[in-house]
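Contents: one structure, followed by commentary.
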Amino acid sequence: MTPALPPGSTIGIIGGGQLGRMSAVAASRLGYHVHILSASTPAPAAETAAKLTVGSYDDPAVLEAFARECDVITFEFENISAAGLRQLEALRPVHPAGRILEISQDRIAEKTTLSAMGLPVASWRSVQNEDDLATLKDFGFPLILKTTRFGYDGKGQFRVSDETAFQQLWNDRQNLPYPLVAEKKIDFARELSVMVARNHHGDIRCFDPSENRHRDGILRMSMVPAPVAPETIDEAQRIASCLAKDIGLVGILGVELFQNADGQLIINEIAPRPHNSGHWTQNACIIDQFEMHIRAVAGLPLPSTRRHSDGFMHNLIGPDDMALVPAMMEEDNAALHLYGKAEARPGRKMGHINRIFPRGGLPGEHALAQLQPVH
Ligand code: ADP
Ligand code: MG
Numbered sequence: 001m002t003p004a005l006p007p008g009s010t011i012g013i014i015g016g017g018q019l020g021r022m023s024a025v026a027a028s029r030l031g032y033h034v035h036i037l038s039a040s041t042p043a044p045a046a047e048t049a050a051k052l053t054v055g056s057y058d059d060p061a062v063l064e065a066f067a068r069e070c071d072v073i074t075f076e077f078e079n080i081s082a083a084g085l086r087q088l089e090a091l092r093p094v095h096p097a098g099r100i101l102e103i104s105q106d107r108i109a110e111k112t113t114l115s116a117m118g119l120p121v122a123s124w125r126s127v128q129n130e131d132d133l134a135t136l137k138d139f140g141f142p143l144i145l146k147t148t149r150f151g152y153d154g155k156g157q158f159r160v161s162d163e164t165a166f167q168q169l170w171n172d173r174q175n176l177p178y179p180l181v182a183e184k185k186i187d188f189a190r191e192l193s194v195m196v197a198r199n200h201h202g203d204i205r206c207f208d209p210s211e212n213r214h215r216d217g218i219l220r221m222s223m224v225p226a227p228v229a230p231e232t233i234d235e236a237q238r239i240a241s242c243l244a245k246d247i248g249l250v251g252i253l254g255v256e257l258f259q260n261a262d263g264q265l266i267i268n269e270i271a272p273r274p275h276n277s278g279h280w281t282q283n284a285c286i287i288d289q290f291e292m293h294i295r296a297v298a299g300l301p302l303p304s305t306r307r308h309s310d311g312f313m314h315n316l317i318g319p320d321d322m323a324l325v326p327a328m329m330e331e332d333n334a335a336l337h338l339y340g341k342a343e344a345r346p347g348r349k350m351g352h353i354n355r356i357f358p359r360g361g362l363p364g365e366h367a368l369a370q371l372q373p374v375h
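Quick note: the sequence shown, position 355, residue 355 per UniProt numbering, numbers continuous.
Structure, rendered in C-alpha cells:
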C-alpha cells in the first residue's frame, strides 16, 4: 500500500490551466512542491507552482524528463495520449490511473463502461460512418450527435431535432467528424453534478450535488443546495460512489447528471479531475475539491465534505463579465477567484465568483436572477 506522500515531495500536474492553478494552491498549502507541464504559455497554473516545464504532452523526451522530477503525477488536462499515459505510469504513480482517463476521453468507452457497471446513461448509438448515420431514423428524434473525443463546453455537438434537421445533416454526411455518438435528447428537469473523491485505502467522499445551468454549452452557474429531494441527493451520491469504487478511482472525479421529468438520474459524462461545477466547494466547505483531490493523490486521509454554507458559483466569461469585477469586489459575501489570464476574449473563462450565504439563507429564484452577472 502506498504510504502518504511526505511534505516537501513534488506533485506533477499535467496541464497549465485554471484547474491546475487551483490544485497547485491546495498542494502548496499541504507543503508540497508543484511542477506543471504545460503545452503553451502563458499558463495560469505556472503562477502558483514552483516549477514549469513547457513542452508537448505527447513528446516522450518531455514526459520522461518531467516524470523524473516528480514523486506522483496527476493531470488537469484530459487529452493526453494513451502512449504518453503508459510511459508516465512506467516511471511514476499516476492518479487517477491512465485507464480511467482513457475511458473518459472517449464517449463510447465511457458509456460502455458505465452501462456495464449498471449505472444509468441515455440511450445511445455508435455512429462510425454513413451507414450507421442512416440507421438513426429508427433511433428517433430529437437526438444529439457528439464527437467521441475532444468535445468540451458543448463543442463538437450537432442537435438533430426532427427528420428535417436529419435530412440537412444527411446532405452533409461526408463532412461529419466521425466517429460520433448519437444520444437521445433528454428532456431534463435540471442538470446536477457530484464531485467524488477516493483514496487508495478505498475511502470515498462525495460533496453535495450542485444544480448547474449552462448557456451556449458553457457552464454559467452552479447552486448548492440543489433544489431536489433528499432521496435525489442520496441517489446522486450513491451513483458517484459506486462509480468511484468500481472504476478504482484514486483522486477526484466529476459526475455530470441529468434529472429527467420523472425525477430519475442519468449520467451525462464523467471527468476524472477537479471540475468547474465543484468550484463552490472553495468557499462553502472546509476542504474544497482541489484539496480533496490532492489529498487523494498524495495518499492522505479524506476529511468530511460537510457544507457549512449555501451558495452560487458564477463563471466570469469574457470581457462582459470581467467588466463587472470591480462591483463584485464590493460585495460582502462574494469570494472572487481570477485565473490571471491577460486577455478577456469572448467565451473565455476568466475566473469565477462564489456568493456564499448561511445555510438555509439561499435567495429564491427571483433574487438569483438578479444576482447573475449576465443572463
Ligand atoms: P461537454 O463535454 O461539451 O461538456 P456534454 O456532453 O456535457 O459535453 O454536453 C454539454 C451540454 O449539452 C450538457 O451540459 C447539456 O446541457 C447538453 N446535453 C448534452 N447531452 C444531452 C442530452 N443527451 N440531452 C439533453 N441535453 C444534453
Ligand atoms: Mg459536460
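Where a beta carbon is used, it is the ideal one built from N, C-alpha and C, also for glycine.
Can you tell me the Cα-Cα spacing of residue i and residue j, whole angstroms?
i: G17; j: A271; result: 15 Å
i: L119; j: I267; result: 8 Å
i: R359; j: Y178; result: 47 Å
i: K111; j: I103; result: 9 Å
i: L136; j: G278; result: 35 Å
i: residue 381; j: A189; result: Look at the range of the chain in this structure, 1 to 375, and you will see that residue 381 is not part of it.
i: D187; j: E256; result: 15 Å
i: A134; j: A122; result: 20 Å
i: G361; j: R307; result: 13 Å
i: V374; j: M328; result: Confidence in V374 is poor, its pLDDT being 41 and thus under 50, which makes the residue's placement unreliable; the coordinate value appears in the next sentence. About 13 Å.
i: I144; j: W170; result: 14 Å
i: H35; j: G248; result: 25 Å
i: E47; j: A27; result: 14 Å
i: R125; j: E343; result: 40 Å
i: I73; j: A49; result: 14 Å
i: V228; j: D234; result: 10 Å
i: D153; j: L37; result: 23 Å
i: G20; j: D58; result: 18 Å
i: K349; j: V127; result: 32 Å
i: A334; j: I353; result: 6 Å
i: P274; j: F150; result: 17 Å
i: H292; j: E163; result: A small correction: the amino acid at residue 292 is Met; His does not occupy that position in the sequence shown. Between M292 and E163, the C-alpha separation is close to 47 Å.
i: D246; j: V194; result: 16 Å
i: G98; j: A82; result: 7 Å
i: G12; j: G140; result: 46 Å
i: F312; j: A240; result: 22 Å
i: D138; j: N260; result: 23 Å
i: S56; j: L324; result: 36 Å
Under the DSSP definition of a beta bridge, which residues are partnered with residue i?
i: I139; result: Reading off the sequence shown, one finds Phe at residue 139, where the question assumed Ile. DSSP lists no partner for F139.
i: I353; result: H314, L336
i: I124; result: Sequence inspection shows Trp at residue 124; the Ile mentioned does not correspond to that position. For W124, which the question treats as bridged, DSSP gives the partners E183.
i: M328; result: According to DSSP, M328 bridges with nothing at all.
i: M22; result: BP columns for M22 are empty, so no partner.
i: R307; result: C285
i: C206; result: V196
i: M221; result: R213, H314
i: P358; result: S309
i: L52; result: I36
i: T147; result: L180
Answer yes or no: the CB of residue i versus the heavy atoms of the ligand MN, is any distance below 7 Å?
i: H279; result: By its list of ligands, the structure shown excludes the ligand MN, since it contains just the ligand ADP and the ligand MG.
Closer than 7 Å: is that where the CB of residue i sits relative to any heavy atom of the ligand ADP?
i: G154; result: yes
i: K185; result: yes
i: F188; result: yes
i: E76; result: no
i: I204; result: no
i: K146; result: yes
i: G151; result: yes
i: A122; result: yes
i: G15; result: no
i: E191; result: yes
i: H201; result: no
i: G217; result: yes
i: L214; result: For the sequence presented, residue 214 should be read as His rather than Leu. At least one heavy atom of the ligand ADP is nearer than 7 Å to the Cβ of H214, so yes.
Under the assumption that residue i contacts residue j (Cβ atoms under 8 Å), give the Cβ distance between them as a whole number of angstroms.
i: A45; j: A24; result: 6 Å
i: E191; j: N212; result: 5 Å
i: L219; j: A4; result: With a Cβ gap of about 33 Å, L219 and A4 do not count as contacting.
i: P60; j: Y32; result: In fact, because the Cβ distance is near 26 Å, the residues do not count as touching under 8 Å.
i: P142; j: K185; result: 4 Å
i: H314; j: V250; result: So it is not a contact: roughly 31 Å between Cβ atoms.
i: L316; j: G351; result: 4 Å
Closer than 8 Å, CB to CB, is residue i near chain B or not?
i: R190; result: Looking at the structure shown, chain B is missing, and only one protein chain is on hand.
Checklist entry - Listed in chain order, which residues are found with a beta carbon closer than 7 Å to a heavy atom of the ligand MG? => result E256, N268, E269
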